[in-house]
Amino acid sequence: MSLVPTLPTIPEPTTLTCIASVNEARAMRIAEILSDFRHLQHAIANIRANPSAEEYYEEGYCVLRQCAAEAQALLNQPFDCQGPEPDGDGEQEKAQLQRVMLDASIRRFKIQQIYLKASAALRWLTSRNAILGGNRPQSIHTPALQQIANTMRAELASVTPARVELALRSQDSIQGKWLAEDPTWSTMEQSIRTGR
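Using UniProt numbering, the letters of the sequence shown map in sequence onto residues 1 to 196.
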């Protein structure tokens, strides 16, 4: 028997505590992603372009209508939260949060893509209005109108998955957000292909 008193040992943080704190970070990240999604949805919903009957089928106006329809369709899709309820189990909660994060990330990715296309169409509209100055198109306007249409097409073609992913990651990094578990575009694409 030792006469030297033993000090109580301080237990190491349990795995459950670590999982819980990381799960809190996951939940916060989901909230950030959904906030971005909501902000972009709001911006697209507030686009107002009222073409005349003769302008209705101009390419830029068609792009704006398509973007509005895609944004609304995305908003109408139910969130994918399938799986068992976590019931206090940290690992189940982790799995559920990762599923929700994937779904939210896909939505944010898609709405960012839609927003970039709508922005290109809005630049076309602004340029068109500047060229026409409130007048009807005349043959003198044709070269300038063709140029802005070509510029818009080039901008639309540049809205690639790689560009969208880079824009989102850059913005998140600048803002110091936790990105450790953000899904990559390839992960999101695979999930989309398999029907989520």
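Where a beta carbon is used, it is the ideal one built from N, C-alpha and C, also for glycine. Note that this is a predicted model, so its numbers are computed, not measured.
Is residue i helix, strand or coil by DSSP?
i, result
"Gln175", "coil"
"Arg136", "coil"
"Tyr115", "helix"
"Phe37", "helix"
"Gly60", "helix"
"Gly90", "helix"
"Thr194", "coil"
"Ala49", "coil"
"Pro143", "helix"
"Val159", "coil"
"Leu7", "Residue placement at Leu7 cannot be trusted, given a pLDDT of 45 that sits under 50; the coordinates are not used to answer."
"Phe109", "helix"
Between the Cα of residue i and those of the options, spot the shortest distance and give me the residue it belongs to.
i, options, result
"Arg38", "Leu132, Arg48, Phe109", "Phe109"
"Val164", "Gln41, Lys177, Leu116, Ile47", "Leu116"
"Ile192", "Arg107, Lys94, Leu97, Glu93", "Arg107"
"Arg136", "Pro51, Pro78, Leu97", "Pro51"
"Arg90", "Ile131, Ser21, Ile140, Thr126", "Inspection of the sequence shows that residue 90 is occupied by Gly rather than by Arg. Here the closest residue by C-alpha is Ser21."
"Ala45", "Tyr57, Ser127, Ile114", "Ile114"
"Ile33", "Gln175, Ile140, Gln138", "Gln175"
"Ile148", "Ser127, Thr194, Ser173, Ala53", "Ser127"
In chain order, what residues of the same chain lie with their CB nearer than 8 Å to the CB of residue i, ignoring the 5 residues before and after it?
i, result
"Met152", "Glu59, Gly60, Val63, Ala120, Ala121, Arg123, Trp124"
"Glu189", "Pro161"
"Ile47", "Leu64, Cys67, Ala68, Ala118, Leu122"
"Glu181", "Arg26, Arg29, Gln98, Met101"
"Asn150", "none"
"Ser173", "Leu179"
"Tyr56", "none"
"Ile131", "His141, Ala144, Leu145, Ile148"
Between residue i and the rest of its own chain, which residues show a CB-CB distance below 6 Å, the 5 nearest in sequence each way excluded?
i, result
"Ala25", "Trp178"
"Trp185", "Pro161, Glu165"
"Pro183", "Leu102, Ser105"
Please go through the same chain and pick out, in chain order, the residues whose beta-carbon is closer than 7 Å to the beta-carbon of residue i, but skip the five residues on each side of it.
i, result
"Ile111", "Phe37, Leu40, Gln41, Ala71, Leu74"
"Ile10", "For Ile10, the pLDDT reaches just 45, beneath the cut-off of 50, and the residue's location in the model is therefore unreliable, although a value from the coordinates is still provided. Correct list: empty, nothing qualifies."
"Ala49", "Tyr61, Leu64, Leu125"
Could you check if residue i belongs to the surroundings of the ligand NAP, using beta carbon to heavy atom distance under 7 Å?
i, result
"Leu168", "Inclusion of the ligand NAP in the displayed structure is not the case, the ligand content being empty and no account of it being possible."
> Using 8 Å as the threshold, is the segment 145-164 in touch with the segment 67-79, meaning 3 or more CB pairs across them?
Replying inline: no
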